[in-house]
Amino acid sequence: MRNNKNNNISKLYNKNKYNLVLLVIVLLISIFLFSKLASYISNKSLSNYDNEIVVIKNNDSEIDSLSLKDIRKMGKNEMKFTTPKGEEFKLVGVSIEKILNKEGINPNLNNTVEFSDGYGHTTNMSMETALEVNRVLLVYKINNKANMDYDKKLGIFFIVDKQEKDSSKWIKNIQSINIK
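Residue numbers for the sequence shown follow the numbering used here, so the first one is 160 and each next one is one higher.
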């Protein structure tokens, strides 16, 4: 009886093996296409803000302006951020270290990075902290949404220091980065 049952399964497999292979291929292609579609939808909201810029300055002299599109081309860092209150955020951005390296800033000649928000308020950070690999992020996406779509108070860009565990310490609505 057992041998007869195994024999029936074997015959069924042999008759349908091409259909099974075809089914597996279709499933793999479907998963691939679904992931591409999800990525496209996620980035579609960001494309509305592609022309928004952050100004890079060296000792108050403008040296470059980077659009959101330019910043996204620099690569991305993703991180999960949990506040002491238990709020969890998925942040996507680029490290300040990458931006400073792209601009050719000599860290030995400068010792402070100053971030200015849309209201003219400035926040200073030591160059040593800013240059730690992937520690300080210029964030443009939070919980799979553009910052402005998630919360307008955040602005297009905001700064997060990974070692700060309080979301109230985020530097919001960044307009310029000044190396002094």
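Ideal placement from N, C-alpha and C gives every residue a C-beta, glycine not left out. Bear in mind that the values here come from a model prediction, so they are computed numbers and not experimental data.
Partner residues in the beta bridge of Thr282, as assigned by DSSP, are Phe274. Counting along the chain, Asp223 sits inside no alpha helix (DSSP H); it lies in the beta strand (DSSP E) bounded by residues Ser220 to Ser226. Annotation: Tyr208 is outside any alpha helix (DSSP H) and is labelled neither H nor E by DSSP. Here the C-alpha atom of Glu273 lies approximately 6 Å from the C-alpha atom of Ile338. Under the three-state reduction of DSSP, Thr288 is assigned to helix.
A straight-line Cα-Cα distance of about 19 Å links Asp308 and Lys235. In the three-state DSSP reduction, Asp320 falls in the strand class (E or B). Non-local beta-carbon contacts of Gln334 in its own chain, meaning distances under 7 Å to residues more than five positions away in sequence, involve Val213, Val214, Ser275, Asp276 and Gly277 in chain order. Asn236 is bridged by DSSP to Gly252.
Comparing C-alpha distances from Asn293 to each of Tyr177, Phe248 and Glu237 shows the shortest one belongs to Glu237.
For Asn306, there is no enclosing beta strand (DSSP E); the enclosing alpha helix (DSSP H) covers residues Asn306 to Tyr309.
Between the C-alpha atoms of Asn332 and Thr282 there is a straight-line separation of about 12 Å.
About 7 Å separates the Cβ atoms of Glu211 and Ser226, confirming a contact at the 8 Å cut-off. 7 Å or more divides the Cβ of Asn269 from the Cβ of Met284. Between Pro243 and Lys328, the gap from beta carbon to beta carbon reaches 7 Å or more. Asp320 places its beta carbon 7 Å or farther from that of Val298.
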